[in-house]
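Listed in order, the protein sequences are those of chains A and B. Here our numbering is used: the first residue of the first sequence is 656, the next is one more, and so on. Here our numbering is used: the first residue of the second sequence is 656, the next is one more, and so on.
2 protein chains.
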Amino acid sequence: MNSCVLCHEDGGQILFKNDLYRIILVNDANYPGYLRIILNSHVKELTDLSDQDSIKVYEALLICERVVRDTMLADKINVASLGNVVPHLHWHIIPRYTNDLHFPNPIWGTATNNAYVPSGELLIRSKELAVKLIEKLAD
Amino acid sequence: MNSCVLCHEDGGQILFKNDLYRIILVNDANYPGYLRIILNSHVKELTDLSDQDSIKVYEALLICERVVRDTMLADKINVASLGNVVPHLHWHIIPRYTNDLHFPNPIWGTATNNAYVPSGELLIRSKELAVKLIEKLAD
């Protein structure tokens, strides 16, 4: 039995799940509307998937980015697959704003706007995002 | 005329170029074997491309990851499209080692191993990577 947290826990509020992956809304107080696509199986790198499955996951990434753009009205979307700490394949999809906690740094970099608190409007949009993504993926 | 640096400069040593994108070897003394795929046109987000073009770029990303894995023998590959500073679509493909300058943080995070210097072996592998990627993409 392995000790990987993403093998044993959902990793957040599941908005969608199929045989290959699940999409969760990340519980990060600084980044409303932050999504992760998490592979169900314990694979480490993108190229550990078949090309066909890898492209299926990428198509989900495009859907997530599109819905995040449409609902969160961010200044930039950041997308990353890192996995240095948890080497179980997952994509981060993060709406970024020029006044947010780390902008223009990645959210893993140095904080630049320490006084930042996401507006109530962003929290509302994050709820809309969850609804729209569920609708979109149910199609 | 825009001021985007990736519209006016190659952005590094070009290993491959087609109508849609170029692949460059990043000149980063701490991270030999670090590649970027840079779109030729000034687009900001993945979803600014047609799905067809977006998947073409993703297929190039998979080829890059595969060749980086095979030649750099990294402990993990990091992949990201951020663009907060230069909002011109580009993918980072970064071979990571458990003893490298920032591990397990992303390379944009806090340095953890300040004494790290890449081995000569990694510099040799980086040259092999360039050769193999050029061969692979010429197929």
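Using N, Cα and C, we set each Cβ at its ideal position, and we do this for glycine too. Predicted, not measured: the structure shown is a model, and the values here were computed from it.
So does the segment 756–767 of chain B actually touch the segment 751–767 of chain A, counting three or more Cβ pairs closer than 8 Å?
Judged by Cβ distances under 8 Å, the segment 756–767 of chain B makes contact with the segment 751–767 of chain A, as three or more pairs qualify.
Within the continuous beta strand (DSSP E) that includes B:Val681, where are the two ends?
No beta strand (DSSP E) contains B:Val681, which DSSP labels as neither H nor E.
Is the separation between the beta-carbon of B:Ile749 and that of B:Tyr676 shorter than 8 Å?
No, the pair does not count as a contact, with Cβ atoms beyond the cut-off.
Under DSSP, the alpha helix (DSSP H) around B:His663 begins and ends at which residues?
Looking at the DSSP string, the run of the alpha helix (DSSP H) that includes B:His663 is 660–663.
Can you check whether the C-beta of B:Asn695 is within less than 8 Å of a C-beta belonging to chain A?
It does not: the Cβ of B:Asn695 has no partner Cβ on chain A nearer than 8 Å.
Are three or more beta carbon pairs between the segment 695–707 of chain A and the segment 704–712 of chain B nearer than 8 Å?
The answer is no - the segment 704–712 of chain B does not touch the segment 695–707 of chain A, with fewer than three Cβ pairs under 8 Å.
So does the segment 770–789 of chain A actually touch the segment 712–726 of chain B, counting three or more Cβ pairs closer than 8 Å?
These segments do not touch.
If you measure between the beta carbons of B:Glu700 and A:Glu720, is that distance less than 8 Å?
Yes; because the gap between Cβ atoms is below 8 Å, this pair is in contact.
What three-state label does DSSP hand A:Ala735 in the structure shown?
Correct three-state label for A:Ala735: strand.
Going by C-alpha to C-alpha distance, which of B:Thr753, B:Val772, B:Asn657 sits closest to B:Leu728?
Nearest C-alpha to B:Leu728: B:Thr753.
Please list the residues of the segment 774–787 of chain A that have a C-beta atom closer than 9 Å to any C-beta atom in chain B, keeping them in chain order.
Listed in sequence order: no entries.
Of all the CB atoms in chain B, is at least one closer than 8 Å to the CB of A:Phe636?
For chain A, the structure presents residues 656 to 794; residue 636 of chain A sits outside this window and is missing.
Please go through the same chain and pick out, in chain order, the residues whose beta-carbon is closer than 7 Å to the beta-carbon of B:Asn657, but skip the five residues on each side of it.
Cβ neighbours of B:Asn657 beyond the five flanking positions: His697.
Roughly how many whole angstroms lie between the Cα atoms of A:Ser781 and A:Pro773?
Those two C-alpha atoms are separated by around 11 Å.
Rounded to a whole number of angstroms, what is the C-alpha to C-alpha distance between A:Leu820 and B:Asn733?
Here chain A covers residues 656 to 794 and nothing more, so residue 820 of chain A does not appear.
Could you pull out every residue in the same chain whose Cβ sits closer than 6 Å to the Cβ of A:Arg724, ignoring the five residues on either side in sequence?
So the list is empty, once near-sequence residues are dropped.
Can you tell me whether DSSP reads B:Tyr689 as helix, strand or coil?
In the structure shown, B:Tyr689 sits in coil (DSSP, three-state: anything other than H, G, I, E or B).
Residues of the segment 736–749 of chain A with a CB closer than 8 Å to any CB of chain B: list them in chain order, please.
Cβ contacts with chain B: Ser736, Leu737, Gly738, Asn739, Val740, Pro742.
Answer yes or no: do B:Pro759 and A:Val740 have a C-beta to C-beta separation smaller than 8 Å?
Yes, Cβ-Cβ distance for B:Pro759 and A:Val740 is below 8 Å.
Going by other Cβ atoms of all chains shown within 10 Å of its Cβ, with 16 needed for buried, is B:Ala735 buried or exposed?
Answer is buried; the Cβ neighbour count reaches 16.
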